[in-house]
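If you read the protein sequences in the order shown, they are chains A and B.
Start counting the first sequence at 72; every next residue gets the next number (the numbering used here).
Start counting the second sequence at 72; every next residue gets the next number (the numbering used here).
Protein chains: 2
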Amino acid sequence: MVLLPLQQGSNAERSRHRNRQAVLGQVHNAGAIGRAEIARALSLTTQTVSNIIAELSQDGMLLEKGRLSVGRGQPAIQYALNPEGGYALGIEVRPDAVFGALLDLVGRPVTTERVTLPQTDPEIVLGHIADIYARALKAAPMARGRMLGAGVVMPGPFGLTGIAGMGSDLIGWQEVDAEALFAEAIEMPVVLSNDANAAAMAERINGAAQDMTSYAYLYFGAGLGLGLVHGGQLVRGAYGNAGEIGHIPIPGAHGKLEDAVSRLSVQRHMHAAGKDIRDINALDAFFDRRDPDLMAWLDTASDALGQAVSIVENLFDPQAVILGGAMPDAVLDHFVTHTTLPSLSVSNRPNAPHPRLIRGASGRMTATLGAAALILNRALSLPVSHAH
Amino acid sequence: MVLLPLQQGSNAERSRHRNRQAVLGQVHNAGAIGRAEIARALSLTTQTVSNIIAELSQDGMLLEKGRLSVGRGQPAIQYALNPEGGYALGIEVRPDAVFGALLDLVGRPVTTERVTLPQTDPEIVLGHIADIYARALKAAPMARGRMLGAGVVMPGPFGLTGIAGMGSDLIGWQEVDAEALFAEAIEMPVVLSNDANAAAMAERINGAAQDMTSYAYLYFGAGLGLGLVHGGQLVRGAYGNAGEIGHIPIPGAHGKLEDAVSRLSVQRHMHAAGKDIRDINALDAFFDRRDPDLMAWLDTASDALGQAVSIVENLFDPQAVILGGAMPDAVLDHFVTHTTLPSLSVSNRPNAPHPRLIRGASGRMTATLGAAALILNRALSLPVSHAH
DNA sequence: TTGATAATTCAAATGAATTGAGTTAATCCA
DNA sequence: TGGATTAACTCAATTCATTTGAATTATCAA
Numbered sequence: 072m073v074l075l076p077l078q079q080g081s082n083a084e085r086s087r088h089r090n091r092q093a094v095l096g097q098v099h100n101a102g103a104i105g106r107a108e109i110a111r112a113l114s115l116t117t118q119t120v121s122n123i124i125a126e127l128s129q130d131g132m133l134l135e136k137g138r139l140s141v142g143r144g145q146p147a148i149q150y151a152l153n154p155e156g157g158y159a160l161g162i163e164v165r166p167d168a169v170f171g172a173l174l175d176l177v178g179r180p181v182t183t184e185r186v187t188l189p190q191t192d193p194e195i196v197l198g199h200i201a202d203i204y205a206r207a208l209k210a211a212p213m214a215r216g217r218m219l220g221a222g223v224v225m226p227g228p229f230g231l232t233g234i235a236g237m238g239s240d241l242i243g244w245q246e247v248d249a250e251a252l253f254a255e256a257i258e259m260p261v262v263l264s265n266d267a268n269a270a271a272m273a274e275r276i277n278g279a280a281q282d283m284t285s286y287a288y289l290y291f292g293a294g295l296g297l298g299l300v301h302g303g304q305l306v307r308g309a310y311g312n313a314g315e316i317g318h319i320p321i322p323g324a325h326g327k328l329e330d331a332v333s334r335l336s337v338q339r340h341m342h343a344a345g346k347d348i349r350d351i352n353a354l355d356a357f358f359d360r361r362d363p364d365l366m367a368w369l370d371t372a373s374d375a376l377g378q379a380v381s382i383v384e385n386l387f388d389p390q391a392v393i394l395g396g397a398m399p400d401a402v403l404d405h406f407v408t409h410t411t412l413p414s415l416s417v418s419n420r421p422n423a424p425h426p427r428l429i430r431g432a433s434g435r436m437t438a439t440l441g442a443a444a445l446i447l448n449r450a451l452s453l454p455v456s457h458a459h
Numbered sequence: 072m073v074l075l076p077l078q079q080g081s082n083a084e085r086s087r088h089r090n091r092q093a094v095l096g097q098v099h100n101a102g103a104i105g106r107a108e109i110a111r112a113l114s115l116t117t118q119t120v121s122n123i124i125a126e127l128s129q130d131g132m133l134l135e136k137g138r139l140s141v142g143r144g145q146p147a148i149q150y151a152l153n154p155e156g157g158y159a160l161g162i163e164v165r166p167d168a169v170f171g172a173l174l175d176l177v178g179r180p181v182t183t184e185r186v187t188l189p190q191t192d193p194e195i196v197l198g199h200i201a202d203i204y205a206r207a208l209k210a211a212p213m214a215r216g217r218m219l220g221a222g223v224v225m226p227g228p229f230g231l232t233g234i235a236g237m238g239s240d241l242i243g244w245q246e247v248d249a250e251a252l253f254a255e256a257i258e259m260p261v262v263l264s265n266d267a268n269a270a271a272m273a274e275r276i277n278g279a280a281q282d283m284t285s286y287a288y289l290y291f292g293a294g295l296g297l298g299l300v301h302g303g304q305l306v307r308g309a310y311g312n313a314g315e316i317g318h319i320p321i322p323g324a325h326g327k328l329e330d331a332v333s334r335l336s337v338q339r340h341m342h343a344a345g346k347d348i349r350d351i352n353a354l355d356a357f358f359d360r361r362d363p364d365l366m367a368w369l370d371t372a373s374d375a376l377g378q379a380v381s382i383v384e385n386l387f388d389p390q391a392v393i394l395g396g397a398m399p400d401a402v403l404d405h406f407v408t409h410t411t412l413p414s415l416s417v418s419n420r421p422n423a424p425h426p427r428l429i430r431g432a433s434g435r436m437t438a439t440l441g442a443a444a445l446i447l448n449r450a451l452s453l454p455v456s457h458a459h
């Protein structure tokens with residue numbers, strides 16, 4: 072991942088494309104909305120919006136949803152996204168497995184699949200991904216010809232960095248142009264990202280961040296990741312490796328943040344107590360019976376998490392920090408309710424419109440669904456906010 | 072500062088505006104450039120660029136700079152920004168003074184001024200600012216009618232936050248729409264920002280970040296601030312208060328980062344040793360003679376700074392971290408050369424195109440000049456890069 | 001000297017949004 | 001109940017900015 076200089080001038084064709092996406096974004100955002108309202112939101116004429124909506128309806132992206140009368144005047148015909156108007160593929164590549172999910176235009180999963188991986192060589196992985204895609208199309212034939220693209224999540228960091236080789240890097244992928252390889256294997260546009268970024272985008276499509284444009288997402292993977300969204304767009308950093316929050320040192324804790332807050336951390340802690348956390352369900356069971364060892368870990372982890380949230384708040388000033396990832400709902404909820412957030416933070420504002428810490432999507436497929444959300448976010452060009 | 076939903080559709084007029092700015096950005100970036108090259112960079116036709124350049128020349132924004140022959144073919148007429156084609160006012164409001172600077176289109180200061188403030192009530196401050204502007208126009212009459220806008224720097228954080236009242240907030244400004252008041256007082260578009268953000272933007276206009284689109288700026292003010300630029304744009308956060316890095320706790324140090332690294336910190340430290348740091352020059356003198364108390368402070372500060380840089384790197388993955396602000400050149404250089412940067416960082420990459428830590432602009436007027444740079448950056452719409 | 005290459009210009013065409021007039025369908029109010 | 005008002009929507013003509021295609025100019029290279 073490198074930086075390519077790129078700046079495009081505007082012409083009629085690109086304007087149309089942009090306006091189409093903006094209209095789709097308004098429709099997604101509102102759920103159902105009339106043309107005149109879209110026109111006002113985008114500073115376009117109703118005539119223009121009419122033309123675009125006719126085109127989008129023709130293309131099967133929009134559905135009429137009756138008329139809505141609001142006070143005087145002719146009631147506006149409401150339009151909504153046609154869920155079957157477009158599909159996005161989400162792929163998550165892990166050291167031991169590949170997950171796949173096909174999402175419709177409104178972000179609902181149509182098919183999901185998990186395949187265990189014998190090896191992570193590019194050829195093996197790409198072969199499995201092509202198969203997953205083929206099976207998804209078979210199970211959901213209406214998606215054929217309506218694919219918007221694929222989001223691919225791989226363990227970061229990408230490229231050669233000072234923290235490479237520390238975690239779960241995939242062997243054989245350091246030196247290749249992964250995005251291009253994926254695009255070739257499944258013949259559609261591909262966006263590559265890490266798990267935290269993907270999960271963050273998923274919240275924007277149909278999760279806890281639907282009304283937010285600047286927020287942070289703390290993601291429980293093997294370690295702890297951070298996804299940053301600013302002005303509706305991911306903050307990926309110059310080389311695509313922004314958000315490596317797990318590696319920063321935390322006062323109080325002995326070492327890195329993710330030594331205290333991560334799946335590996337709880338596994339280590341519980342293992343030392345002679346208990347085995349095989350997967351999310353096992354963790355859920357221990358939490359269900361309020362296992363004292365787990366509760367002790369949660370206490371320590373909460374403290375470190377509070378520190379992390381405060382750092383993120385002071386550096387980004389987000390609308391909220393969302394906590395999610397490969398953890399049981401109940402554990403995430405426990406963190407949200409039991410984490411003491413430092414009062415010395417720019418986010419500790421009176422009358423804040425959002426709680427400072429909220430729960431996002433959870434479960435094993437979070438990042439996979441998020442991968443597809445990367446594509447939907449682009450296709451829908453969701454409305455943004457501007458600080459003023 | 073609040074979030075306003077805003078998304079604009081595109082039409083012919085807005086396309087033209089956008090293209091004009093993009094052309095200006097290309098010219099700024101290249102120094103001197105021909106039409107065909109601009110057209111290629113922006114994916115426009117040469118004809119379009121020709122039209123725009125004719126218009127911009129007509130408006131006095133561009134100057135012809137002869138022809139440049141590169142191999143075969145007709146040599147391209149080179150165009151450069153006309154420094155007198157536009158001006159930006161920079162205003163910095165401090166608890167005890169107001170600084171003003173008038174910059175030309177290429178970012179060079181034309182006039183600068185410092186006025187001490189008896190009080191910080193809005194009326195007093197606004198009156199002084201109107202006077203500063205009037206005097207600037209008198210000293211540089213060619214700027215009359217060519218003002219692009221004004222950038223205003225005020226001590227953050229803005230609005231009510233958990234760290235308000237801690238530092239140097241201005242009394243009487245918490246409840247007002249500062250941007251609107253300024254805009255009314257000097258009758259031009261105003262952009263409001265904190266010192267670190269402004270200083271960061273200045274580096275992009277004609278400083279150390281001219282070839283960068285994603286970088287972080289650590290700013291020495293009274294405390295320590297962070298300016299984040301991503302994809303050529305400031306990351307301001309949801310409420311405009313991103314970058315409050317001074318308030319985060321640092322392992323090793325006793326309290327907050329800016330207890331160890333800031334102007335107040337060195338003043339306190341030297342005061343305890345019976346030495347008085349009145350201003351930058353005094354500090355420079357102490358450094359010149361390698362005062363042992365100062366060197367001791369520098370050692371501690373360097374350690375904390377290294378921690379801060381590493382946090383910023385792991386969270387943002389910038390092309391580089393720039394160190395600047397109200398410190399003597401020599402002290403900043405000392406930090407840059409003597410700070411040990413943790414190897415456990417995404418930015419510790421082999422063959423990195425930039426050093427991880429570099430020195431930016433220094434001196435008392437850094438933020439003031441940066442305030443004006445906020446306007447220039449917008450007017451020039453500098454080329455951005457995209458991660459790929 | 002001549003052919004290749006590339007920048008530039010001119011005039012016409014194109015694409016998309018806007019404008020302005022007119023229609024439809026609801027609410028408001030007497 | 002019925003006219004006035006409000007607002008969404010449509011149609012046709014216009015406007016704006018970019019693109020297209022043909023022609024011109026200026027340099028390099030063989």
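By construction, the Cβ of each residue, glycine as well, lies at the ideal position given by its N, Cα and C atoms.
{"query": "I want to see whether chain B comes within less than 8 Å of residue 122 (chain A), judged by CB atoms only; does it?", "result": "no"}
{"query": "Going along chain A, which residues have a C-beta under 8 Å from residue 333 (chain B)?", "result": "Near residue 333 (chain B) there are no residues of chain A at all, since even the closest Cβ is about 15 Å away, more than 8 Å."}
{"query": "Within 8 Å, do at least three Cβ pairs link the stretch 179-196 of chain B to the stretch 242-259 of chain B?", "result": "yes"}
{"query": "From the beta carbon of residue 363 (chain B), is the nearest beta carbon of chain A less than 8 Å away?", "result": "no"}
{"query": "Taking only runs of the beta strand (DSSP E) that begin and end inside the stretch 263-310 of chain B, which ones reach a length of at least 3 residues, in chain order?", "result": "286-291, 295-301"}
{"query": "Going residue by residue through the stretch 378-439 of chain A, where are the continuous beta strand (DSSP E) segments of at least 3 residues, counting only ones entirely within it?", "result": "392-396, 428-433"}
{"query": "Which residues in the same chain as residue 123 (chain A) place their Cβ atom closer than 7 Å to its Cβ, once the five residues preceding and following it in sequence are excluded?", "result": "90, 91, 94"}
{"query": "In this structure, how does DSSP classify residue 229 (chain B) when only helix, strand and coil are distinguished?", "result": "coil"}
{"query": "Could you work out which residues of chain B lie near residue 135 (chain A), taking near to mean beta carbons separated by less than 7 Å?", "result": "Those within 7 Å of residue 135 (chain A) in chain B number zero; the least Cβ separation is about 22 Å."}
{"query": "Going by DSSP, what residues sit across from residue 366 (chain A) in a beta bridge?", "result": "Answer is none; residue 366 (chain A) lacks a bridge partner."}
{"query": "Which residues in the same chain have their Cβ closer than 8 Å to the Cβ of residue 253 (chain A), if we skip the five residues on either side of it in sequence?", "result": "162, 197, 200, 221, 223, 261, 263"}
{"query": "DSSP on residue 242 (chain A), reduced to helix/strand/coil?", "result": "coil"}
{"query": "Do residue 298 (chain A) and residue 267 (chain A) have their CB atoms nearer than 8 Å?", "result": "yes"}
{"query": "Is it a yes or a no for the stretch 111-120 of chain B touching the stretch 134-144 of chain B, going by three-plus beta-carbon pairs under 8 Å?", "result": "no"}
{"query": "Skipping 5 residues on each side, what residues in its chain have a beta carbon closer than 6 Å to that of residue 151 (chain A)?", "result": "103, 134, 136"}
{"query": "Answer yes or no: do residue 392 (chain B) and residue 287 (chain B) have a C-beta to C-beta separation smaller than 8 Å?", "result": "yes"}
{"query": "If contacts are defined as beta-carbon pairs under 8 Å, then residue 450 (chain A) and residue 157 (chain A) qualify, I think. What distance do you get, rounded to the angstrom?", "result": "6 Å"}
{"query": "Between residue 380 (chain A) and residue 412 (chain A), which are expected to be in contact by the criterion C-beta below 8 Å, what is the C-beta distance as a whole number of angstroms?", "result": "6 Å"}
{"query": "List the DSSP bridge partners of residue 209 (chain B).", "result": "Residue 209 (chain B) is not bridged to any residue."}
{"query": "Do residue 332 (chain A) and residue 372 (chain A) come within 8 Å of each other at the CB atom, strictly closer than that value?", "result": "yes"}
{"query": "I think residue 79 (chain A) touches residue 452 (chain B), with their Cβ atoms under 8 Å apart; what is that distance to the nearest whole Å?", "result": "The Cβ separation is near 12 Å, so there is no contact."}
{"query": "Between residue 21 (chain A) and residue 443 (chain A), is the Cβ-Cβ spacing less than 8 Å?", "result": "This structure gives no information on residue 21 (chain A), because the portion of chain A shown stretches from 72 to 459."}
{"query": "Within the same chain, show all residues whose beta-carbon is closer than 7 Å to that of residue 209 (chain A), passing over the 5 residues directly before and after it, in chain order.", "result": "none"}
{"query": "To be precise: take each residue of the stretch 368-400 of chain B, compare its Cβ to all Cβ atoms of chain A, and keep it if any distance is under 9 Å. Which residues remain?", "result": "378, 381, 382, 383, 384, 385, 386, 387, 388, 389, 390, 391"}
{"query": "Which residues in chain B sit within 8 Å of residue 232 (chain A), going by Cβ to Cβ distance?", "result": "416, 417, 418, 419, 420"}
{"query": "Assuming residue 293 (chain A) and residue 358 (chain A) make a contact with CB atoms under 8 Å, what is their CB distance in whole Å?", "result": "Incorrect: roughly 19 Å between the Cβ atoms, too far for contact."}
{"query": "Excluding the 5 residues flanking residue 219 (chain B) on each side, which residues of the same chain have their C-beta closer than 6 Å to its C-beta?", "result": "157, 159, 446, 450"}
{"query": "Just reading off the beta strand (DSSP E) that residue 175 (chain A) is part of, what are its end residues?", "result": "168-175"}
{"query": "Would you mind reading off the limits of the alpha helix (DSSP H) that contains residue 141 (chain A)?", "result": "Segment: none, residue 141 (chain A) is in no alpha helix (DSSP H) and carries neither H nor E."}
{"query": "In the DSSP assignment, the beta strand (DSSP E) including residue 181 (chain B) goes from what residue to what residue?", "result": "180-187"}
{"query": "If you drop the 5 nearest sequence neighbours on each side, which residues of the same chain put their C-beta closer than 7 Å to that of residue 256 (chain A)?", "result": "197, 200, 201"}
{"query": "In chain B, which residues lie less than 7 Å from residue 318 (chain A) when you measure between Cβ atoms?", "result": "385, 415"}
{"query": "Nearest chain A C-beta to residue 255 (chain B) closer than 8 Å, yes or no?", "result": "no"}
{"query": "With 7 Å as the limit, tell me which residues of the stretch 299-318 of chain A have their beta carbon closer than that to any beta carbon of chain B; keep them in chain order.", "result": "301, 306, 307, 308, 309, 310, 311, 312, 313, 314, 315, 316, 318"}
{"query": "Between residue 228 (chain A) and residue 98 (chain B), how many whole angstroms is the CB-CB distance? I'm expecting something under 8 Å.", "result": "About 36 Å; that fails the 8 Å criterion."}
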